[in-house]
Ligand SMILES: [Cu+2]
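Here is the structure:
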């Protein structure tokens, strides 16, 4: 799968528009730099100090004054028109439009809601290619920032002040990003992964996510499910079809289908799941999940249950 990690590799129509505007501005600035620097070098050499010769002096040249006022003015007006056009293209009004995805930032993970289908997920975003989508950003605690470089836009995620972003993804693949506003101890481990899929694949993913969790498929997994209730995991986490009391931690209904754990901190493997459950603080310092104090066989059972939640 293609991976997108740079503003110079745009993956959305909007990011492409922004990058084109950037290149135009860069081109004009480079041209001006070359002209000005060239004239300076020319003047330094041509009019350098020589015995018995003073450099000639110019004053009250009206045509020169008019020239250096109008040329920059025309350039600045041009840039202003360019900027306004790109802003209107990239950021049309979102009032009255329903978001396709609501992202709620938490210390230090992302809660995801797909309002049209009622699906709740966490950390790993799936979106369809080729659709004009509206994303809405909220914060559950402090100021965070949503920054996927190939989407071209940095969005501040501010408590009590939802922000929005429009995007039309043009290329399927994996888009990597991160929280861009320092939000506490776990900030460095608040990664974003966006899987841009064909509309068919996305619909299939969404349909799968909307299903309740599959029941435990082995004796060990059944013990894990029992422990999940006993060890108070349910106070913070929800598993649809099993227990949906917890609201303050990632939804685990389909945790086994994610590629990473704890917002991109670990690859999602049974070993890493066990490492996480043994001591989350050791994996992600400051994390708001306590160390539960589980025995090795309890960790094994819980891992078997959670990894089975595909
Ligand atoms: Cu953050």
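In our numbering, the protein residues as written are 4 to 313.
Each residue gets a CB set at the ideal place from its N, CA and C atoms; glycine is no exception.
Backbone secondary structure at residue i - three-state DSSP
{"i": "residue 156", "result": "coil"}
{"i": "residue 33", "result": "helix"}
{"i": "residue 60", "result": "coil"}
{"i": "residue 73", "result": "helix"}
{"i": "residue 10", "result": "coil"}
{"i": "residue 124", "result": "strand"}
{"i": "residue 97", "result": "coil"}
{"i": "residue 296", "result": "coil"}
{"i": "residue 291", "result": "coil"}
{"i": "residue 111", "result": "coil"}
{"i": "residue 106", "result": "strand"}
{"i": "residue 255", "result": "coil"}
{"i": "residue 82", "result": "helix"}
Whole-number beta carbon distance between residue j and residue i, since they are thought to touch under 8 angstroms
{"i": "residue 111", "j": "residue 189", "result": "3 angstroms"}
{"i": "residue 140", "j": "residue 149", "result": "6 angstroms"}
{"i": "residue 286", "j": "residue 269", "result": "6 angstroms"}
{"i": "residue 239", "j": "residue 224", "result": "Incorrect: roughly 20 angstroms between the Cβ atoms, too far for contact."}
{"i": "residue 146", "j": "residue 158", "result": "About 11 angstroms; that fails the 8 angstroms criterion."}
Nearest-angstrom Cα separation, counted from residue j out to residue i
{"i": "residue 205", "j": "residue 275", "result": "27 angstroms"}
{"i": "residue 182", "j": "residue 165", "result": "16 angstroms"}
{"i": "residue 259", "j": "residue 104", "result": "21 angstroms"}
{"i": "residue 174", "j": "residue 199", "result": "7 angstroms"}
{"i": "residue 57", "j": "residue 51", "result": "9 angstroms"}
{"i": "residue 39", "j": "residue 171", "result": "40 angstroms"}
{"i": "residue 138", "j": "residue 167", "result": "5 angstroms"}
{"i": "residue 90", "j": "residue 308", "result": "48 angstroms"}
{"i": "residue 20", "j": "residue 93", "result": "7 angstroms"}
{"i": "residue 118", "j": "residue 169", "result": "16 angstroms"}
{"i": "residue 295", "j": "residue 235", "result": "9 angstroms"}
{"i": "residue 248", "j": "residue 151", "result": "32 angstroms"}
{"i": "residue 203", "j": "residue 23", "result": "30 angstroms"}
Residues sharing a beta bridge with residue i, DSSP
{"i": "residue 193", "result": "DSSP output for residue 193 lists no bridge partner at all."}
{"i": "residue 15", "result": "172"}
{"i": "residue 161", "result": "164"}
{"i": "residue 182", "result": "149"}
{"i": "residue 131", "result": "200"}
{"i": "residue 246", "result": "242"}
8 angstroms Cβ cutoff, residue i in contact with chain B
{"i": "residue 262", "result": "Of the protein chains in this structure there is only one, and it is not chain B."}
heavy atom of ligand 2 below 7 angstroms from residue i C-beta
{"i": "residue 193", "result": "For the structure depicted, ligand 2 is absent and the ligand set comprises only ligand 1."}
Any 3 or more C-beta pairs closer than 8 angstroms across the region 6-25 and the region 174-181: yes
Three CB pairs or more closer than 8 angstroms across the region 118-129 and the region 202-214: yes
At least three beta-carbon pairs within less than 8 angstroms, the region 296-310 to the region 226-241: yes
Cβ contact (3+ pairs, closer than 8 angstroms) linking the region 73-82 and the region 99-117: no
The region 189-205 in contact with the region 254-267 per 3-pair CB rule at 8 angstroms: yes
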